[in-house]
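Here our numbering = 1-based position in the sequence shown + 9. Just so you know, even glycine gets a beta-carbon here, dropped at the ideal spot from N, CA and C. From a predicted model like this one, the values you see are computed outputs, not experimental measurements. A short write-up of the structure that comes next.
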Amino acid sequence: MNFQTITSTALSGAVILVVGMTVCALAKSLEPLAGPAVTMDSNSDGVIDKEEAQGLAASNFDAIDLDKSETLDGSELRFFFRGGSRPSSEKTESAKPSPNARQDGNGTGGTPPARVELDVVIEEPIGQTTPVIGRIIALQTGPIAARVNGAVLDMLVDIGDRVNTGDVLAIIDQERMRLERESYAAIVSQQRAKLTAERADLVQTENKLKRLEGIRNSAAFSQARFEDSIQAVASQKGMVAETRAQLAQAQAQLKLADRNLTDTHVVAPYPGVISATHTEVGAYLSIGHAVVTIINHRNLEVEADVPTSLIANLTMGNSVSIRFGEGQVVSAAVRAIVPAENPRTRTRPIRFTPNFSKVNAPLADNQNVTVLLPVGGSRDAITVSKDAINQRNGQNMVYVANSGRAQPRSVTTGEATGSRMVVHSGLKAGDMVVVRGNERLRPGQRLVDIGKTPTNEGGGG
């Protein structure tokens, strides 16, 4: 073995030794993964890369990655989700505030404290419920019919269009209606002229009668002429009344012609969405023929066929919970209990009025929902204020006050109970959660409770 071979072998050994010592040192400096993070580490290298990250770890990867190593270790995950001391890797030059950096309320650089209101997570008794499938019912829906006969000149809407009350949907041929209107207008003018003439004749005959009455005691008075004059006045009054009636009839026909002319414009009687069209340009419509169908998507209720055995637990005005899809639970009031039982299913239709303003999902007529009906008894459950829950990447999330800082938590919710939601996982009784000011919170941001509620220093998790 020559000198060059010995030198090369020695250098290779030294490199291996240095690399091994470095790896050992790094392994000792990394805090091990814990909890759900272990299952994310698919290659078992002790850290989580972007391809392995899931849930909140994936959506907040860059914020959690304090050392910008493109991987997440146990200390970074702990600091993000639980708070506490910052990872040692963060205590580098990049973490030092610049002379011009803004100081927070505790004299440290970074984001200023957030002014929030906190509320406590509690355990309380809630009523037992059973799910019943219901459906959304549009209170205003149906075909909009033509009110006059005629050919369709124009269709101004199509399926899916949104319309407001009074919007024109279609136009029917107006020519015949316009001619009819002009004809009745001429008849009205004719009857007015005739009435004027009849009234003038009445005045003339009445004056003649008055003159005869004035000479009644003279030799020139004629009883026969006097009686004829009385008859003439009565006859003329009848003609005036007849002409007046004919004028009223002509005016009514003119109003009808005006109405028919207006009805050549088919308009929306209420706001909604066009769900179907039933005619097209050129088609001839008769009175009552459907033009379009409208669903008023702003005026909805929920109907459910409830088993008779559960009716006893419901009264008018009672509050129940209704689930719209995953995680969307709102309260609803019982509006009507219809006294008509299905002999085959032994169920009765019940109408509910939900608070649709709390539903942030698209709704449709006949859409299925789940109505949670009370069945008696109660159970203890963890509940949280509805205001604490935010939707992030399809998950329900709350911010917990942990050591005075905002800690995000993913939670699984159940049914609504008043202004609170049942929580199946993610929180425990006594946790303090942010209910006001949580829209722009950042993980780890310091909190100032303007509601004077003490923060949950213990954290919990």
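C-alpha gap between residue i and residue j, whole angstroms
i	j	result
H274	G291	15 Å
N369	R344	23 Å
N375	I145	5 Å
D458	G83	30 Å
E40	L86	10 Å
S319	N405	The identity of residue 319 in the sequence shown is Leu, whereas the question assumes Ser. Roughly 31 Å separates the two Cα atoms.
A228	E251	38 Å
I283	F365	21 Å
N399	M164	44 Å
N158	I296	5 Å
G473	L456	Absent from the model: residue 473. The displayed extent of the chain is 10 to 470, so no value can be given.
E184	P348	51 Å
A36	V56	With a pLDDT of only 40 at A36, under 50, the local geometry of the prediction cannot be trusted, and the value read off the model is given with reservation. Distance between the alpha carbons of A36 and V56: 10 Å.
G453	L65	14 Å
M325	I346	7 Å
V166	I181	14 Å
D50	D440	29 Å
L81	S53	13 Å
V444	S419	15 Å
Q232	A241	14 Å
S192	A160	21 Å
A154	A259	28 Å
Y279	L178	12 Å
D74	T421	26 Å
S330	D128	22 Å
G44	E60	18 Å
R360	E448	35 Å
I473	V212	Here the chain covers residues 10 to 470 and nothing more, so residue 473 does not appear.
N327	D272	44 Å
8 Å contact criterion, which residue i and residue j should meet: CB distance rounded
i	j	result
A8	G175	Residue 8 lies beyond the range of the chain shown here (10 to 470); nothing can be said about it.
H485	G423	Because the chain spans 10 through 470 in this model, residue 485 falls outside it and cannot be assessed.
I168	T286	6 Å
G210	Q245	The identity of residue 210 in the sequence shown is Asp, whereas the question assumes Gly. Between Q245 and D210 the Cβ distance is about 5 Å, and since that is below 8 Å, they are a contact.
V311	P371	In fact, because the Cβ distance is near 15 Å, the residues do not count as touching under 8 Å.
Beta-carbon contacts of residue i that lie in its chain and below 7 Å, excluding the five residues immediately before and after
i	result
R234	L221
S103	Interpretation of S103 is limited by its pLDDT of 40, a score under 50 that renders its predicted location unreliable; no figure is taken from the coordinates.
N377	I142 and R144
E215	V242
Close beta carbons around residue i, own chain, < 6 Å, minus the five adjacent residues each side
i	result
K367	V339
D396	V444
T518	The chain is shown from 10 up to 470; residue 518 falls before or after that span and cannot be answered.
Y293	A160
S198	none
Residues bridged to residue i [DSSP beta-bridge criterion]
i	result
Q404	R401
N411	R414
S244	S244 is not bridged to any residue.
T362	A342
D128	V442
Y293	A160
A390	E133
M430	V393 and A425
Cutoff 8 Å: residue i Cβ touching any chain D Cβ
i	result
V420	Looking for chain D here will not work: only one protein chain is present.
Neighbourhood of residue i by C-beta distance below 8 Å, restricted to the same chain and skipping five residues each side
i	result
T392	V130, I131, E132, E133, I135, T426, R429, M430, V431 and V432
R357	D314, V315, T317, I320, I346, V347, P348, A349, E350 and N351
G114	Note that G114 scores a pLDDT of 45, beneath 50, so its modelled location is shaky; the value from the coordinates is reported in the next line. So the list reads P121, P122, R455 and V457, once near-sequence residues are dropped.
*Three or more beta-carbon pairs under 8 Å between the region 387 to 407 and the region 128 to 135, yes or no?*
These segments touch.
*Are at least three pairs of beta-carbons, each pair with one atom in the region 260 to 275 and one in the region 119 to 128, less than 8 Å apart?*
Between the region 260 to 275 and the region 119 to 128, the count of Cβ pairs shorter than 8 Å is below three; the stretches do not touch.
*Segment contact flag, the region 297 to 308 with the region 201 to 215, C-beta cutoff 8 Å, min 3 pairs*: The region 297 to 308 is not in contact with the region 201 to 215.
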